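Each remark here refers to the structure printed beneath this line.
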Amino acid sequence: MNVSLLFMDNEAELRNATVNRSEISADLNLDIILKFMARSDDFIYRTVRTVMTTPVTDKELILYRQEIIADFVKNHDSMLQLYELAARIIAENENHKEATKRVNSSNLSSYAAAQNILGQLSILVNGFEQTKKYLDSIHYNFQSRGMVSFYEKLCEDYSDDFVREIKESIKNLKHLSHGGEITLSSSVGNGFKMGNIVINHLGVDPNKKRKLVGKVSLLINRFVHRKVIMLENSKIYEDARELEAEGMAHIARLYSGFIQELSIFFDNLHYQLAFYLGASNLKKRMAQLHLPHCWPKISDDEKTFSFRGLYDLSLGIYNRETPVCNDLDTEDIKLFVITGANQGGKSTYLRSIGIAQLMMQCGLFVPASTYCSRIYDGIFSHFTRREDTALNSGKLDEELSRMNRILNQITTNSLLLLNESFASTTEKEGTGIALDVVNALYENGTKILMVTHLYEFTKTMYERKLQQAKFLSAERLPDGTRTYKILEKEPEHTSYGLDLYEQIISPGSEALTLP
Amino acid sequence: MAFQSILGRNGFFRQDPSDLVMPRFFQDLNLDQILNDLFSRYKLYDLRQFYYVKPDIDDVEYRQQVLKDLENEELHKAMVDFSINMRKSREYLANINQSEIPEQKRKWKLDAAFYYINTVLELYRVLGEGYINSEGLLSFRDWLGDYLKGAVFEGFRKDTENLIYEFSSMSYNIQIKRDHIIVNQGSNDEDYCGNLLALFKKTQKESYYQKNPFWEITLSNLEAAVLDMLKKLHPQAFSRLKSFDEKYDGFINSVIIDFEQEIQFYLSFCDIKKEMEEMGFHFCYPKVGADRFELKDIYDLVLARKNASQRKPVILNDCHFDKHERFLVITGPNQGGKTTFARAIGGIIYLGMMGLAVPASSASIPVFDSVYTHFATEESMETGAGKLKEELIRLKKMMDSSTRNSFIIINEIFTSATSYDAYIMGKRVLDFFMDKDCIGLYVTHIYELTKNDSRIGSLVATLLSEESQIRTFRIERREASGKGYANTIVEKYHMTYEEIKERIRR
């Protein structure tokens, strides 16, 4: 059966938003958050890394996940037990597979193969029974649609009767190796080989041990009249054993689909629980650090973009305290140009928005006291790369090739975070490229948040008096103190002399926000 | 006219395998890379005997028609199945020699006969489904119809089917008990696996029958014991089997054997064609024997396949010869696509001559009797005079053996000579072939060779910009100069304002 906790149905993949995964993880310092969620559980880490960078675009699904997260937060300990149970069954199954692989690596007789499959089957079916029992004892606490229907579907797909029948059938098969008989039908095949072999039934007689016989009697029944041929031929007996073993292997193969089904079930369960446990961990640990959070509001008109007390979660976790928060209230703005002093909190600002948007679109709560935004079908980041500041054509080539990859995927309903892009060439050339790229995207409707030092660019854009553009600036008090607040502000006609000097003399000298 | 061969209206002459020599131009045009792969995939049939031998010009269209018929998926699959089943039938015949038991030998023969009969009947049925329009397949079908309706085949078929029916109804079941085995006549209707599958609510018929653990062609002891019993139970059937064996021998018709082998020529080419088409490449049927030479949207098979696997784009080119033109001289930067272009054209001419489809969107080609190529041998360690000597020796052979109907491709010759010498020698080579009225391509870095001769057309491998050295791999008709066009990285990434607006669409 399908475990549908992360997705409501099977069309899931179609509703993912596109992101430039590896770049955005690095640009937004996501790893700090992911490790915080994982609490040193490597599987949770890998799971949340995938889920966080695979935002979804369906509002219903986001709400669906929010409900499940609430369930997990409330029942954290029992959900953790469920997760550990799934992990244990998977490990047991893997160990069994490994062990049999080692023992039988050379030539695996059909008999041994059947035994292996039986072993695996027992582990999975027993594991399933335990899981089911545990869920029976905790399912009263579920309130989310996801967890409730998960439990209902489980009871429906694998009824107690079904599980009993399977267990009975496994027992029969086990007995076959200890006694009893098998009947097979066959017809004359090509060249008198046996053809179309079908197993008719297994006669189980668990009380009698099978003994090896030297003398084999072969009987032919013809209508009522019966011929008996006694054969002093133990080779025929060996052949018969071989045929029987093949029959067992064949039956075991019929189980393999079911084995696969159960393995996939546990893998999916384990994976999906891992994400929600990560979310629950995050919530608990944020509370310990007094980091505020809220459920985001999805703006249906796709125009409102506003927040109160938004902060950069990765910075908060890193410093173990709430960083500077920002507020914003906008309607129908497509382009944000953020300028201002170095070390003024511009990159942090960009990051706080990127993180909140990603978290919202994977169903999580967001680091703010309120956050209202639309759903994007693509989220991309393009941050300047500090490691190679050399001003050469190779750098520009690298930068533009990254931009090119984004342009291959970006849509009109995407969000693009630009942090000092096009700064790896001269200001004049950089401005030219920026004007082309930003204007083309802006006119097509893509939402852009852009931190830039390209003064000419900012000036030109401001003078165009675009309806859907806003200009923000890092606050700097008259005495030069930086508050790290980003405020709505008309761009300075002249940049601060010293800053400009720094900008020109040592391009890219703004220190990393995170030490 | 009565059916002769699917490869030629008047038959197809099979050369002795030991006489088969790979045409010289195969390696230069990279055709060996494509075909050797195919030859090993079809190693049961010696494809060399078909691909190394050029047909009569009259048979080009005869073959094109057959190939067009085989574009029909149903027919193609039927031909593949036909080949598989013919091989199966022969395999059963071969099993006869492996068996020691006379009854088993006879049964293998009976099974081979039954397989063969069904295979040819099925072939005839498919050929009557309305898929075929080609003269070759239509006349083969007529021949096949006559063969199948003949009294000889009809009697053979009846004998075989009756006997097969008799044996296939001898079913039995085996009970394996603790100390004895019981074999019963007739089959047991219980179905253990079916019940198990029902529990899982699954229907997976393909793994329904259990595998026979006795995979050898000879009989296991158990099977031999069962055979002994069957012999006692059905003496008449076994005596009829014996007389069947005495009566029929060598029942596989030689025309059908030839057809099976020769159809592989088309089936193997369909593999290449389909593989390329699945990657988005096109083919067309060339007009061979046209009075003009004109190719549109051509590409090189080997490079296209390689690029597609690396998700790199493939550039398409056009090529034509004006009425008075005899040679096209191709110049431009290294790695600019000149050699690939020449290879593509050579390959198209070869495939066209063979009566196959070509990698182009349209193609008109005059009749050529052969392709002659002269490519620098890369593995040759010789430089300077040694290399030049080697080149000239090869050139001399080419000059002697080519005719006025040959297509000539000369690629980067005389690179070890000084430019002036290379110019003078190149001029003479071109004059020689043009005086002979040959048509051809000459790839060189000496652009002066394109000048002052109305029989020479100039093609240039173009650059996007001189500074960036970005190659477009486009070969254009243009005055050779060596100058490109300026451009920036922005253009390389298609990031101008207009391009971005184009790119961001919903």
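Residue numbers (the numbering used here), protein chains in the order written: chain L, 652 to 1166; chain Y, 3 to 508.
Every residue gets a Cβ at the ideal spot worked out from N, C-alpha and C, and that includes glycine.
Nothing here was measured: the structure is a model prediction, and the numbers come from that model.
For residue j and residue i, believed in contact at Cβ under 8 Å, the rounded distance
| i | j | result |
| --- | --- | --- |
| residue 294 of chain Y | residue 366 of chain Y | 6 Å |
| residue 1120 of chain L | residue 503 of chain Y | 18 Å between Cβ atoms; not a contact. |
| residue 728 of chain L | residue 795 of chain L | So it is not a contact: roughly 17 Å between Cβ atoms. |
| residue 192 of chain Y | residue 901 of chain L | Residue 192 of chain Y to residue 901 of chain L, Cβ: 15 Å. No contact. |
| residue 340 of chain Y | residue 334 of chain Y | 6 Å |
| residue 69 of chain Y | residue 358 of chain Y | 6 Å |
One or two residues paired with residue i in a DSSP bridge
| i | result |
| --- | --- |
| residue 177 of chain Y | L/834, Y/184 |
| residue 476 of chain Y | DSSP output for residue 476 of chain Y lists no bridge partner at all. |
| residue 272 of chain Y | BP columns for residue 272 of chain Y are empty, so no partner. |
| residue 854 of chain L | L/832 |
| residue 444 of chain Y | Y/331, Y/412 |
| residue 1068 of chain L | L/1032, L/1100 |
| residue 286 of chain Y | Y/360 |
| residue 1133 of chain L | L/1127 |
| residue 991 of chain L | L/1125 |
| residue 376 of chain Y | Y/412 |
| residue 462 of chain Y | Y/333, Y/478 |
Outcome for residue i when other beta-carbon atoms lying within 10 angstroms are tallied against a minimum of 16
| i | result |
| --- | --- |
| residue 197 of chain Y | exposed |
| residue 338 of chain Y | buried |
| residue 1002 of chain L | buried |
| residue 1087 of chain L | buried |
| residue 1129 of chain L | exposed |
| residue 680 of chain L | buried |
| residue 225 of chain Y | buried |
| residue 148 of chain Y | exposed |
| residue 247 of chain Y | buried |
| residue 921 of chain L | buried |
| residue 105 of chain Y | buried |
| residue 791 of chain L | exposed |
Contact list for residue i against chain L, beta-carbon separation under 8 Å
| i | result |
| --- | --- |
| residue 172 of chain Y | 838, 839 |
| residue 497 of chain Y | 1051, 1054, 1055, 1058, 1084, 1087, 1088 |
Spatial neighbours of residue i in its chain, beta-carbon cut-off 8 Å, leaving aside the 5 residues before and after
| i | result |
| --- | --- |
| residue 837 of chain L | 845, 846, 847, 848, 849 |
| residue 94 of chain Y | 110, 111, 113, 114, 117 |
| residue 59 of chain Y | 290, 291, 369 |
| residue 840 of chain L | 846, 847 |
| residue 409 of chain Y | 348, 351, 370, 372, 373, 374, 440, 441, 442 |
| residue 78 of chain Y | 72, 269, 272 |
| residue 924 of chain L | 656, 730, 733, 734, 737 |
Nonlocal neighbours in the same chain, by C-beta distance under 7 Å from residue i, ignoring five residues either side
| i | result |
| --- | --- |
| residue 244 of chain Y | 108 |
| residue 1071 of chain L | 1035, 1102, 1103, 1104 |
| residue 862 of chain L | With a pLDDT of 47 at residue 862 of chain L, under the threshold of 50, the modelled position of that residue is not reliable, and the figure given next carries that caveat. Closer than 7 Å at the Cβ level, and outside the excluded window around residue 862 of chain L, lies no residue. |
| residue 1162 of chain L | Note that residue 1162 of chain L scores a pLDDT of 40, beneath 50, so its modelled location is shaky; the value from the coordinates is reported in the next line. Excluding residues within five positions, the ones whose Cβ falls inside 7 Å are 994. |
| residue 1108 of chain L | 1082, 1085, 1086 |
Proximal chain L residues relative to residue i, where beta-carbon distance stays under 7 Å
| i | result |
| --- | --- |
| residue 278 of chain Y | Those within 7 Å of residue 278 of chain Y in chain L number zero; the least Cβ separation is about 25 Å. |
| residue 119 of chain Y | Per Cβ cutoff of 7 Å: no residues; residue 119 of chain Y is ~14 Å from chain L at best. |
| residue 408 of chain Y | Those do not exist, as residue 408 of chain Y stays about 47 Å from chain L at its closest Cβ, beyond 7 Å. |
Contact list for residue i against chain Y, beta-carbon separation under 8 Å
| i | result |
| --- | --- |
| residue 1097 of chain L | 506 |
| residue 820 of chain L | 198, 201 |
| residue 634 of chain L | The structure shown has nothing for residue 634 of chain L, since chain L only spans 652 to 1166. |
| residue 1107 of chain L | Simply none; closest approach about 17 Å. |
Spatial neighbours of residue i in its chain, beta-carbon cut-off 6 Å, leaving aside the 5 residues before and after
| i | result |
| --- | --- |
| residue 47 of chain Y | 263, 266 |
| residue 54 of chain Y | 22 |
| residue 480 of chain Y | 462 |
| residue 778 of chain L | 740 |
| residue 1025 of chain L | 950, 953 |
Residues that residue i contacts on chain L, provided the C-beta gap is smaller than 9 Å
| i | result |
| --- | --- |
| residue 195 of chain Y | 849, 850, 901, 902, 905 |
Chain Y residues whose Cβ lies nearer than 7 Å to that of residue i
| i | result |
| --- | --- |
| residue 893 of chain L | 215 |
| residue 765 of chain L | Here the premise fails: no neighbours, minimum Cβ distance about 12 Å. |
| residue 982 of chain L | Going along chain Y, no residue has its Cβ under 7 Å from residue 982 of chain L, so there is no contact; the nearest lies around 23 Å. |
| residue 833 of chain L | 178 |
Residue i Cβ short of 7 Å to the ligand FMN heavy atom set
| i | result |
| --- | --- |
| residue 980 of chain L | With respect to the ligand FMN, the structure offers nothing, as it holds no ligand at all. |
Closer than 9 Å at the beta carbon, the chain Y residues around residue i
| i | result |
| --- | --- |
| residue 887 of chain L | 183, 222, 223, 224, 226, 227 |
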